[in-house]
Amino acid sequence: MAKSALDKAREAPGSTKARILAAAEEVFAVKGFQGASTREIAARAGVNISSLHYHWESKETLYFTVFRNIYDRIVDLLRDTLAPLLARQDARESAIDATMRELFDFFADNPNVPKLLMRRIVENEEIELGIERDILAPAWSVFSTLVGRLRRRTLDDDELRLFMLSMHSVLLVYLLDSRSYQSLLGGSVRSGQLREQVRRHVTQLVHRLLAA
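Numbered by the numbering used here, the letters in the sequence shown go through residues 10 to 221 in order.
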């Protein structure tokens, strides 16, 4: 099977293809799809515009791939974290703790991610590009299956959807690390004691919701 452009970028993180993808993530996080330009992305990556189009075809392709890369990383993170724990009958509490630690740290250590996801929600881009259908829906199906195994009782589809949206929203809002939240919390949630405090709070919230 032929490797995708994303696979090639992942295998060679220092390559031109990977540098362009990383630059696109940064620009889209700040400016959204409509505000970003391929020339700005190329300049940030240190390549000419012809090289960008050779490696990634178009701005639409880059935008789609940025989101594919994010959700693939989250799915892999959750599977790697939960697989050994879910095999044990007595590991439910540990599994929740590990999941929230890994998710929180992923969002905290990759500040472009909450910005991109929030922009996608707030700006309601007219350009659909199959992101919700081809990336978000399959990823959430995986998330739902994993979360369902952490519950004490079976959730129906509506309950599970609401739980997932609640957790998604909590992580995004805290880890946008906005100036208003920094002012209210007394610092950045990405560093120091406050990071530990907020992560513990979010984890406890998940424990309570999953125990309900």
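Backbone N, C-alpha and C fix where the C-beta goes; we use that ideal spot for every residue, glycine too.
Taking the alpha-carbon of residue i as reference, which of the options has the nearest alpha-carbon?
i    : options                : result
S178 : L203, R158, R217, V131 : V131
Q43  : Y72, G55, R110, N119   : Y72
R53  : E66, E34, S67, M127    : E34
I83  : G55, P123, N57         : P123
D120 : S200, A21, L218        : Here residue 120 turns out to be Pro, not Asp, going by the sequence shown. P120 has its Cα closest to that of S200, out of S200, A21, L218.
E66  : Y183, L30, R97         : L30
I140 : A18, G55, T70, R217    : T70
G41  : P22, G23, K12, R129    : R129
So, residue i versus residue j, is the Cβ gap smaller than 8 Å?
i    : j    : result
L180 : F76  : no
V207 : V215 : no
T25  : S60  : yes
R101 : L159 : yes
A32  : I50  : yes
G157 : L169 : yes
M127 : L185 : yes
S105 : L219 : Note that residue 105 is Ile in the sequence shown, not Ser. Cβ distance < 8 Å, so I105 and L219 count as in contact.
Return the Cβ separation of residue i and residue j in integer angstroms, given the expectation that the two are a contact with Cβ distance under 8 Å.
i    : j    : result
A27  : V36  : Not quite, the Cβ-Cβ distance comes to about 15 Å (not below 8 Å), so this is no contact.
L125 : A14  : No, L125 and A14 are not in contact; Cβ-Cβ is about 19 Å, not under 8 Å.
S103 : L95  : No, S103 and L95 are not in contact; Cβ-Cβ is about 10 Å, not under 8 Å.
L155 : Y80  : Rounded, the Cβ-Cβ distance is 14 Å, inconsistent with contact.
F204 : A117 : The sequence given here has Arg at residue 204, not Phe. With 8 Å as the limit, R204 and A117 qualify as a contact, their Cβ atoms being about 6 Å apart.
Please list the terminal residues of the continuous alpha helix (DSSP H) segment that includes residue i.
i    : result
P93  : 68 to 95
N57  : Neither: N57 is in no alpha helix (DSSP H) and is coded neither H nor E.
S192 : 188 to 194
I105 : 101 to 118
D16  : 14 to 20
G41  : 25 to 44
Original post:
On the three-pair Cβ rule with 8 Å, is the segment 78 to 93 touching the segment 149 to 161?
Top reply: yes
Original post:
Using 8 Å as the Cβ pair cut-off and three pairs as the minimum, do the segment 106 to 120 and the segment 201 to 217 touch?
Top reply: yes
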